[in-house]
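Protein chains in written order, with the numbering used here: chain A, 5 to 121; chain B, 229 to 640. Beta carbons are placed, not taken as given, at the ideal position from N, Cα and C, and that holds for glycine. Bear in mind that the values here come from a model prediction, so they are computed numbers and not experimental data. For reference, the structure discussed in these notes is given below.
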Amino acid sequence: MAHKEMICIACPMGCCLDVEYDNSIISVKNNSCKVGIKYANDEIYDPRRMVTTTVKTNLAIAFLPVKTSKAISKNLVRNVIKELNDITVSSPVQIGSVIKKNICGTDADIIAARNIS
Amino acid sequence: MKSVDVLVIGAGAAGLAAAVSLKENSIEDVLVVDRQNFAGGILFQCIHSGFGLHRFGEELTGPEYAQRYIDMAECQNVEMLLSSSVVDIVSKDDIKEVIILSQDSGLVKVKVKAIILAMGCRERNRGNINIPGSRPAGIFTAGLAQKLVNIEGYMPGNEFVIVGSGDIGLIMARRLTLEGAKVKAVLEIQPYPGGLDRNIVQCLDDFDIPLYTSHIVTNICGSRRVESVDVSEITDGRLTPKMKISCDTLLLSVGLIPENELSITAGVSLNAATAGPIVSSDYMTNVPGIFACGNVLHVHDLVDYVSDEASACAKAVSMYLANKLPQDKCIPVHSGNMVRYVVPSTVKPQCDAILKLRPVAPMKNVKIKVVSDRGDVLKSKKLIRAIPSEMITVQLNDVPTGCKSITVYFEI
């Protein structure tokens with residue numbers, strides 16, 4: 005059985021979780037909500053992160069802020085950024101529009117975080 | 229001369245939320261002024277996520293959070309005057325005259341009954357923290373670098389050292405790394421990190437960026453461009469030279485200062501601890517009819533709290549306009565043991581108040597206590613931990629009459 009302390013990054017509370025695990029999670033302590041349990045589980049077996057970055061446009065605003073539709077595997081973050089470097093948005097977008105579907109096979113989409121006309 | 233009921237100065241997070249809430253409180257005649265040509269303020273350069281968890285129950289990026297409020301303001305027909313700066317506020321009894329310099333209309337004079345100050349804050353820079361050394365190119369504040377990278381699309385350098393572990397510095401460490409730069413170190417003068425723990429984890433630990441607490445830059449080297457910085461460790465108040473780090477860019481993330489030049493010209497008194505106006509529990513400054521909220525009042529850690537505060541401020545303004553604000557004498561609120569500051573600076577008897585405070589240093593298992601000058605404990609709250617980067621909120625119900633002052637302190 006292993007033991008690990010980790011800061012939950014799911015919200016600004018930043019609870020300091022006390023996690024006991026083996027092949028699966030045995031116990032999670034010091035979490036102030038149930039999101040902490042899911043976070044502990046993900047962080048030990050499959051750490052995930054939201055990715056936010058920008059992509060080029062040739063519109064009124066030169067850079068469009070974008071985000072992944074959900075958290076993706078931590079070790080794919082750099083691949084996602086790399087792939088987005090080659091994208092240029094050329095038609096107006098609304099918040100929530102999909103810029104790229106299933107980025108790097110992560111099952112997450114890249115969506116616009118700003119309106120650009 | 230144009231006249232409105234309420235003028236809101238600043239169309240950032242605080243100004244927008246205040247304007248929307250004024251409309252919700254049936255104050256129709258509202259004008260929002262901002263010096264930028266867009267509303268939303270600094271949120272548009274904060275492209276990272278984590279905004280809106282309290283306010284909207286979902287995780288938004290800065291631009292998305294801003295757009296929610298811009299849409300609400302549009303929905304409520306809030307009148308905005310953009311590309312315009314307020315240059316002077318003249319108070320005469322109940323009526324104030326505000327002089328605005330506008331790109332489109334030139335000098336505009338507006339007669340107002342109430343003003344909400346919502347100008348936010350600005351970054352401290354090299355001059356504020358006295359870093360010795362030469363004056364080469366390659367020294368930026370973290371927020372400026374954020375604007376360059378996220379909005380303009382320029383990389384300010386290749387190899388970075390970041391001074392200060394506030395949230396903006398941490399978030400920029402991650403952002404620059406993802407954009408291909410090398411962040412060699414984050415240096416923090418205090419013995420503990422300045423930003424939220426979750427940002428240390430996901431911005432530094434994730435990318436193996438070292439954080440050196442109790443460390444400062446003692447020299448900036450380089451003539452045309454930054455070439456390296458000398459770093460010393462602080463032990464027992466003494467400096468021990470530690471290392472030279474080669475880098476071409478130095479980012480300063482060394483705190484924010486509420487932007488109150490305009491408030492001072494309007495006769496508003498400031499609180500030395502917050503650098504924001506001295507306000508009562510209804511957010512009114514010492515100048516009747518001038519209110520303040522958001523980062524111009526005190527620096528917040530979460531934009532959600534800024535929006536909440538702006539809504540509460542707008543509600544108080546609507547009561548002021550209806551002549552319903554309690555006129556009682558204000559009771560001063562003192563910062564006691566381990567408390568760096570408390571906002572508001574005064575409360576009123578028989579009224580509720582929300583006290584917002586920050587500790588001087590990190591503490592574990594403490595009690596926050598609010599007591600009157602007569603020794604009555606008005607509120608006592610247990611905290612598992614208290615850290616300077618997280619604002620603590622204490623709801624105070626019905627401040628008793630006859631009390632001359634109240635003190636907030638940590639019982640360890």
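- Secondary-structure assignment with DSSP links Leu467(B) through a beta bridge to Ile462(B).
- Counting along the chain, no beta strand (DSSP E) covers Val482(B), and no H or E run does either.
- Sequence-ordered contacts of the region 267-284 of chain B with chain A read Phe272, Ile275, His276, Ser277, Gly278, Leu281 [C-beta pairs closer than 8 Å].
- For Cys108(A), not one C-beta of chain B is nearer than 8 Å to its own C-beta.
- Under the Cβ criterion of 8 Å, Arg586(B) is not counted among the residues facing chain A.
- With contacts defined as CB atoms closer than 8 Å, Glu351(B) and Met383(B) fail to qualify as a contacting pair.
- Interface with chain A (8 Å Cβ-Cβ cutoff): Asp425(B) is included.
- Annotation: Met10(A) to Ser254(B) spans about 47 Å, alpha carbon to alpha carbon.
- Spanning the alpha carbons of Ala409(B) and Lys86(A) requires a straight line of approximately 13 Å.
- Between Asn62(A) and Ser28(A) a beta carbon distance of about 50 Å is seen, past the 8 Å cut, so the two are scored as non-contacting.
- Per DSSP, the continuous alpha helix (DSSP H) segment holding Gly355(B) begins and ends at 354-357.
- Among the CB atoms of chain B, one or more fall inside 8 Å of the CB of Gly18(A).
- By the criterion of at least three beta-carbon pairs nearer than 8 Å, the region 512-532 of chain B is in contact with the region 616-624 of chain B.
- Chain A has no Cβ within less than 8 Å of the Cβ of Asn523(B).
- The residue from Gly268(B), Val306(B), Ile444(B), Arg402(B) with its alpha-carbon nearest to that of Leu432(B) is Arg402(B).
- Residue-level contact check: Asn378(B) touches chain A, since one or more beta carbons of chain A fall below 8 Å from its beta carbon.
- Asp22(A) sits close to Asn34(A), with the two beta carbons spaced by under 8 Å.
- When only Cα atoms are considered, Asn593(B) and Leu88(A) end up about 46 Å apart.
- At least one C-beta of chain B is nearer than 8 Å to the C-beta of Pro69(A).
- Contact holds between the region 437-451 of chain B and the region 359-367 of chain B, because three or more Cβ pairs, one in each stretch, are under 8 Å apart.
- Straight-line spacing of the CA atoms in Val306(B) and Ser563(B) works out to 38 Å.
- For Cys15(A), the chain B residues whose C-beta falls within less than 7 Å of its own C-beta are Leu281, listed in chain order.
- Rounded to the nearest angstrom, the gap between the Cα atoms of Leu467(B) and Val459(B) is 10 Å.
- Residue nearest to Phe638(B) within the set Val588(B), Ala239(B), Pro628(B) is Val588(B) (criterion: CA-CA distance).
- Here DSSP, grouped into helix, strand and coil, assigns Gly361(B) to strand.
- Per the coordinates, the alpha-carbon of Asp434(B) lies some 22 Å from the alpha-carbon of Gln418(B).
- For Val454(B), the secondary structure class from DSSP, reduced to helix, strand or coil, is coil.
- Distance from the CA atom of Gly603(B) to the CA atom of Ala503(B), rounded to whole angstroms, is 29 Å.
- Under the criterion of beta carbons closer than 8 Å, Lys324(B) and Ile343(B) qualify as touching, at roughly 6 Å.
- The contact set of Gln430(B) on chain A, defined by CB atoms closer than 8 Å, consists of Ile13, Arg53 in chain order.
- By the Cβ rule, the region 279-290 of chain B does not count as touching the region 486-493 of chain B, because fewer than three pairs are nearer than 8 Å.
- The alpha-carbon separation between Lys375(B) and Asn551(B) amounts to approximately 43 Å.
- At a cut-off of 3 residues, the continuous stretches assigned as beta strand (DSSP E) that sit fully inside the region 520-581 of chain B are 559-563, 567-571.
- Interface criterion not met: the Cβ of Thr441(B) is under 8 Å from no Cβ in chain A.
- Asn27(A) has a beta carbon lying at 8 Å or more from every beta carbon in chain B.
- Less than 8 Å divides the Cβ of Ser508(B) from the Cβ of Thr574(B).
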